[in-house]
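Trainee: Residue numbers (the UniProt record's numbering): 1 to 243. C-beta atoms are modelled at their ideal positions from N, C-alpha and C, and glycine is treated no differently. The model shown is predicted, which means the values in this text are computed figures rather than measured ones.
(1) Could you check what DSSP says for residue 147 in three-state terms: helix, strand or coil?
(2) Given that a residue counts as buried once 16 or more other Cβ atoms are within 10 Å of its Cβ, and exposed if not, what is residue 131?
(3) For residue 245, count neighbouring Cβ atoms within 10 angstroms of its own Cβ and tell me buried if that reaches 16, exposed if not.
(4) Three-state secondary structure (DSSP) at residue 57?
(5) Which class does residue 24 belong to by DSSP, given the choice of helix, strand or coil?
(6) Comparing the CB of residue 160 with every heavy atom of the ligand ZN, is any distance shorter than 8 Å?
(7) By how many angstroms is the C-alpha of residue 179 removed from the C-alpha of residue 227?
(8) With DSSP as the reference, please indicate the residues paired to residue 186 in a beta bridge.
(9) With H, G and I counted as helix, E and B as strand and the rest as coil, what does DSSP make of residue 50?
(10) Quick check: residue 87 and residue 121, are their CB atoms within less than 9 Å of each other?
(11) Bridge partners of residue 117, per DSSP?
(12) Rounded to whole angstroms, what's the CA-CA distance from residue 118 to residue 133? Just pull it up for me.
(13) The beta strand (DSSP E) spanning residue 238 covers which residue range?
(14) Per the DSSP calculation, residue 65 is bridged to which residue(s)?
(15) Quick one, are the C-beta atoms of residue 197 and residue 220 less than 9 Å apart?
(16) Leaving out five residues on either side along the sequence, give the residues of the same chain with a beta carbon under 8 Å from the beta carbon of residue 194.
(17) So, with DSSP's three-state summary, where would you put residue 168?
(18) Out of 135, 185 and 45, which has the shortest C-alpha to C-alpha gap to residue 165?
Laid out in structure tokens, this is it:
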């Protein structure tokens with residue numbers, strides 16, 4: 001039974017130079033070349049996935065290396081390392097390929113408010129990923145919703161809800177206490193009152209003095225919007241027709 005044999009051989013290459021003084025070729029150096037280690041062999045690297053809105057250019061380097069350079073189309077910015085090396089047939093990719101992120105158009109204008117932007121602005125007026133837009137309202141206005149005070153540029157859009165400035169609403173605590181009527185009076189059903197105001201749902205019962213008659217509604221009620229119903233209060237008139 002014969003055993004497999006491995007044959008290694010070297011080629012002796014004789015390098016010679018032409019001497020100007022001597023018109024004969026003379027030896028210069030001896031170089032040993034191992035034909036089992038040929039660095040000129042083409043290295044095959046796996047095909048890289050396509051990058052949306054980007055381009056990949058692959059070049060061969062010295063030795064057994066290749067390099068891929070990734071660029072993005074106009075209006076897009078690269079996220080990640082734009083240069084990847086292939087060594088001995090393997091791409092040195094960490095986690096994932098870089099991405100091309102779309103820039104954001106200018107953030108929405110805020111009426112009755114102010115806008116401050118922190119981040120990089122391109123020559124065409126677009127903004128790069130991570131740019132922060134902060135909103136605030138002028139005096140007398142309130143930002144709605146409150147979570148819209150800050151928005152961030154992410155993948156071509158501004159995150160978060162759209163900001164709006166609305167007029168401040170005065171908190172209604174009740175109905176203003178009405179003035180007393182001439183030659184008459186009113187009685188409140190609920191005696192627990194705020195100073196200068198009647199509570200919601202409060203009822204006023206009107207009466208007149210002797211020899212006077214009530215003209216208008218006898219009962220008025222405080223509504224939740226801070227108004228009285230009916231709006232006009234009654235008055236007292238004498239029985240002979242004079243108030």
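Mentor: Reading it off the structure:
(1) helix
(2) buried
(3) Because the chain is modelled from 1 through 243, residue 245 falls outside the range shown and cannot be assessed.
(4) strand
(5) Because the pLDDT at residue 24 is just 40, under 50, the model does not fix this residue reliably, and the point stays unresolved.
(6) Summarising the ligand content, the structure contains no ligands, and the ligand ZN is consequently not present.
(7) 14 Å
(8) 206
(9) coil
(10) no
(11) 133
(12) 7 Å
(13) 235-238
(14) 87
(15) no
(16) 173 and 174
(17) coil
(18) 135
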